[in-house]
Amino acid sequence: MSYVISVKELKEKLTNLKKSLVIVDARFQLNDSKAGRQAYGESHLPGAVYFDLEEDLSGQPGEHGGNHPLPDIDVFANKLGKAGIDQNKMVVVYDKGNDMFAPRFWWLLHYLGHQDVYILDGGYEAWVQAGQEVTKEIPHREGKTFIPSLRTDEVVDINRVRENITSKRAVLIDSRSNDRYLGKTEPLYRKAGHIPGAKNYFWMDILDEEGKWKTREALENHFSILDKNQEIIVSCGSGVSATPNIIALKAAGFHHVKLYPGSYSDWISYEDNLVETKDETNE
């Protein structure tokens, strides 16, 4: 799978490409916003720099736009540069395991035009289980200048999602769990259900029985009822867990995959927007 790298492959690249490689630690916990940075301070992969979901990978939430709006592009690009990342650096990002936060970083870097970014399969836990070295040392990287080249055709706003309810030009995917999609439970938001017309593809289903990323063939089978030539809009609660599905769709050969960054939390911030609780996945 072209967007995911194994522990063995990363170890080899650290040996051969150390000066042209930057490793990013993106560990985070939604129920404890300090846990990821604390874990990084206790131990991380050698040379890894830390990016925080809420402080670095998201903007400040407002009345609309969702709970994790995209960060200011210039501010984020400046942070990338300070971390030693520019367009010429290979970047590998990892989570605690195969979680949703490394894919969020991957997607942002991809959105800004970077073409050489990968996710470490199994994350920090796989690295440690393989007996590889970790450290507490905080790296000091030479600053770079990251110049964004936005892939603006890979995002949609709420107006496009509203229009699609009637036009059905695109397939809308909801990446949350099935119970949340059906409105049976909703731990985060005041309204339960999903955006009308959305089909449910729980993001964790892109992982195999061992918790590793599925192969391209398995992902093609997973998304087999979808048309590879049709526009696909991917959403979730706030634009974070949608990103593993986006990467999986791209890996499976889908060419018109877009993120609705505000997702369900943005949708329900407008009182006039309806929500649905029936299963529309196979319609």
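Numbering (the numbering used here), first residue to last: 33 to 315.
By construction, the Cβ of each residue, glycine as well, lies at the ideal position given by its N, Cα and C atoms.
What residue range is occupied by the uninterrupted alpha helix (DSSP H) comprising E252?
-> The residue you call residue 252 lines up with position 220 of the sequence shown. Unbroken alpha helix (DSSP H) run through E252: 248-254.
In three-state terms, what does DSSP make of I105?
-> The sequence position of residue 105 within the sequence shown is 73, counting from 1. Correct three-state label for I105: helix.
How about V272 and V289: are their beta carbons less than 8 Å apart?
-> Here residue 272 refers to the residue found at position 240 when the sequence shown is read from its first residue. Here residue 289 refers to the residue found at position 257 when the sequence shown is read from its first residue. Between V272 and V289, the C-beta gap is not smaller than 8 Å, which leaves the two residues out of contact.
Compare the C-alpha of L258 against each of K231, K246, Y296 and name the closest.
-> For the purposes of this step, residue 258 is taken as residue 226 along the sequence shown, with counting starting at 1. Among K231, K246, Y296, the Cα nearest to that of L258 belongs to K231.
For V36 and D153, believed in contact at Cβ under 8 Å, the rounded distance | By one-based count along the sequence shown, residue 153 stands at place 121. By one-based count along the sequence shown, residue 36 stands at place 4. Yes, they are in contact, since the Cβ atoms of D153 and V36 sit about 5 Å apart, within 8 Å.
Could you tell me the distance, in whole angstroms, from the CA atom of I227 to the CA atom of R183?
-> Position 195 of the sequence shown, counted from the first residue, corresponds to residue 227. Position 151 of the sequence shown, counted from the first residue, corresponds to residue 183. Rounded to the nearest whole angstrom, the C-alpha separation of I227 and R183 is 25 Å.
Since I believe F108 is in contact with L140 (beta carbons under 8 Å), could you give me their beta-carbon distance rounded to a whole number of angstroms?
-> Locating residue 140 in the sequence shown gives position 108, where the first residue counts as 1. Locating residue 108 in the sequence shown gives position 76, where the first residue counts as 1. Here L140 really is in contact with F108; their C-beta atoms are around 7 Å apart, less than 8 Å.
According to the Cβ coordinates, are R59 and T275 closer than 8 Å?
-> The residue labelled residue 59 in the question sits at position 27 within the sequence shown. The residue labelled residue 275 in the question sits at position 243 within the sequence shown. Cβ atoms of R59 and T275: not closer than 8 Å.
In the DSSP assignment, what residue or residues form a beta bridge with M132?
-> Numbered from its first residue, the sequence shown carries residue 132 at position 100. For M132, DSSP assigns no beta-bridge partner whatsoever.
Beta-carbon proximity check, V125 vs V149, cutoff 8 Å | As a first step, residue 125 must be located in the sequence shown, where it is residue number 93. As a first step, residue 149 must be located in the sequence shown, where it is residue number 117. In contact: V125 and V149 (Cβ atoms closer than 8 Å).
Should A162 go down as buried or exposed, given a rule of 16 or more other Cβ atoms within 10 Å for buried?
-> Locating residue 162 in the sequence shown gives position 130, where the first residue counts as 1. Counting Cβ neighbours within 10 Å, A162 comes out exposed, since fewer than 16 surround it.
Inspect the beta-carbon positions of K176 and G79 and report whether they are closer than 8 Å.
-> Within the sequence shown, residue 176 is the residue found at index 144, counting from 1. Within the sequence shown, residue 79 is the residue found at index 47, counting from 1. No, these two residues do not count as a Cβ contact at 8 Å.
With 16 other CB atoms within 10 Å as the buried threshold, where does E298 fall?
-> Within the sequence shown, residue 298 is the residue found at index 266, counting from 1. It is worth fixing the name first, because residue 298 is Asp in this sequence and not Glu. Buried, by the Cβ-count rule.
Is any beta-carbon of chain D found at less than 8 Å from that of E303?
-> In the displayed structure, chain D is absent; only one protein chain is listed.
Hey, out of Y302, V81, H254, Y213, whose CA is closest to E174's CA?
-> On the sequence shown, position 142 is the one that residue 174 refers to. Taking only the C-alpha atoms, the option nearest E174 is V81.
Every unbroken alpha helix (DSSP H) within the stretch 223-311, with a cutoff of 4 residues, ordered by chain | Counting whole runs of 4 or more residues, the stretch 223-311 contains the alpha helix (DSSP H) stretches 248-254, 274-283, 295-299.
Which of the three DSSP states, helix, strand or coil, is assigned to V193?
-> Residue 193 sits at position 161 when you count from the first residue of the sequence shown. V193: helix per DSSP, three-state reduction.
Residues bridged to T202 [DSSP beta-bridge criterion] | Counted from its first residue, the sequence shown places residue 202 at position 170. Contrary to the premise, residue 202 reads as Ala rather than Thr in this sequence. In the DSSP output, where bridge partners are listed per residue, A202 has E263.
Given a threshold of 16 other Cβ atoms within 10 Å of its Cβ, counted over all protein chains shown, does I170 qualify as buried or as exposed?
-> Stepping through the sequence shown from its first residue, residue 170 is reached at position 138. Exposed is the call here.
Using alpha carbons as the reference points, say which of H100, Q147, K216, G68 lies closest to V123.
-> To locate residue 123, count along the sequence shown from 1; it is residue 91. Scanning H100, Q147, K216, G68 for the CA closest to the CA of V123 turns up Q147.
Taking only the alpha-carbon atoms, compute the straight-line gap between G145 and N261 and give it to the nearest angstrom.
-> To locate residue 145, count along the sequence shown from 1; it is residue 113. To locate residue 261, count along the sequence shown from 1; it is residue 229. So the alpha carbons of these two residues sit roughly 22 Å apart.
Between D311 and the rest of its own chain, which residues show a CB-CB distance below 6 Å, the 5 nearest in sequence each way excluded?
-> For this step, residue 311 is matched to residue 279 along the sequence shown. Non-local C-beta neighbours of D311 in its own chain, meaning closer than 6 Å and more than five positions away in sequence, are absent.
Which of helix, strand or coil does DSSP assign to D57?
-> Here the question's residue 57 lines up with position 25 in the sequence shown. Strand at D57.
Should R208 be listed as close to the ligand MG, given that the test is whether its C-beta is under 7 Å from any heavy atom?
-> Among the ligands in the structure shown, none appear at all, so the ligand MG cannot be discussed.
Opening and closing residue of the alpha helix (DSSP H) in which V39 lies | Here residue 39 is taken as the residue at index 7 of the sequence shown, counted from 1. For V39, the enclosing alpha helix (DSSP H) begins and ends at 39-48.
Taking the Cβ atom as the reference point for each residue, do G225 and G97 lie within a distance shorter than 8 Å?
-> By one-based count along the sequence shown, residue 225 stands at place 193. By one-based count along the sequence shown, residue 97 stands at place 65. No Cβ-Cβ contact shorter than 8 Å links G225 with G97.
Closest by CA to A280, which one among T217, D304, I264?
-> Along the sequence shown, read from residue 1 onward, the residue named residue 280 stands at position 248. Checking every option, the nearest Cα to that of A280 belongs to I264.
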